[in-house]
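Notes to accompany the following structure.
Residue numbers (full-length UniProt numbering): 1 to 262.
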């Protein structure tokens with residue numbers, strides 16, 4: 001789960017791709033067949049055309065599959081608020097099982113995050129977790145939403161639940177480090193990011209986070225090394241952009257100060 005989960009580092013890379021207009025987040029399948037596949041496939045190249053296809057299909061009895069494709073097409077067209085509302089409606093009304101409905105609320109939460117509405121994202125992911133309490137993707141998504149609301153202690157609780165279910169989830173350790181950093185628990189944050197890098201030594205977000213923590217601890221040289229490596233590991237990414245901003249800040253103000261963060 002990594003997409004732009006803004007505020008905290010880690011689990012929102014899918015949202016980053018969707019926000020960039022590359023594709024909607026992957027998720028549940030509410031129908032089968034060639035028409036559903038064609039509609040979903042067209043979103044990647046012609047979201048407006050997919051929306052028109054979904055509307056015509058729904059008018060002829062396409063049901064949940066048509067409505068789902070139509071909502072995701074809105075996301076691809078850059079209308080995340082409308083998409084989120086429709087995904088939530090579908091999650092409430094769908095006859096699918098609990099896991100599929102939870103995935104619809106997860107997509108709604110991601111769409112709300114793309115729209116910059118952390119409060120609505122929190123609401124959508126909470127509805128999803130009511131259906132699937134141990135869904136680690138939903139827990140991470142809700143933790144990010146809580147981070148955007150500066151509710152870092154609650155975000156940390158969700159990250160802890162993820163790690164209780166899957167202690168080898170590197171991005172959850174990165175997220176936990178960022179939450180502890182925001183709570184001024186810098187020593188604990190350093191331990192968390194070390195766990196993340198032990199699991200995934202070339203995780204760019206973990207490297208960026210370690211650089212931030214090192215800078216806060218006064219290790220400017222170590223922070224610089226981490227951010228330079230991030231720029232090499234993930235060139236052109238949002239994570240690399242933040243690393244480059246921090247490097248520029250270090251050049252301009254060489255004395256230790258808090259770097260740029262999400």
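C-beta atoms are modelled at their ideal positions from N, C-alpha and C, and glycine is treated no differently.
Ranked by Cα distance from residue 76, the options 99, 91, 51 are led by 51.
Residue environment analysis places residue 103 among the buried positions, since at least 16 neighbouring C-beta atoms fall within 10 angstroms of its C-beta.
In the three-state reduction of the DSSP assignment, residue 35 falls in the helix class, which pools H, G and I. Taking C-beta atoms as the reference points, residue 165 and residue 136 count as a pair closer than 8 Å. The beta-carbon separation of residue 139 and residue 161, rounded to 5 Å, stays under the 8 Å limit for a contact. At least 8 Å separates the beta-carbon of residue 189 from that of residue 195. Every alpha helix (DSSP H) of 4 residues or more that sits fully in the segment 170-195 is shown, in chain order, as 170-182.
DSSP, read as helix, strand or coil, puts residue 60 in coil. For residue 205, the closest C-alpha among the options 226, 57, 32 is that of 226.
Within the same chain, Cβ atoms closer than 8 Å to the Cβ of residue 48 are found at 73, 77, the five residues on either side in sequence being excluded. Listed in chain order, the alpha helix (DSSP H) runs fully inside the segment 190-224 are 204-216, counting runs of at least 4 residues.
Within the same chain, Cβ atoms closer than 8 Å to the Cβ of residue 158 are found at 139, 140, 142, 143, 146, the five residues on either side in sequence being excluded.
Taking C-alpha positions only, residue 54 is separated from residue 248 by approximately 47 Å.
Rounded to whole angstroms, residue 186 and residue 216 show a C-alpha spacing of 8 Å. Distance from the CA of residue 198 to the CA of residue 213, rounded to the nearest whole angstrom, comes to 16 Å. About 6 Å separates the beta carbons of residue 202 and residue 233, which is inside the 8 Å limit, making them a contact pair. Residue 117 carries a coil assignment under DSSP once its states are collapsed to helix, strand and coil.
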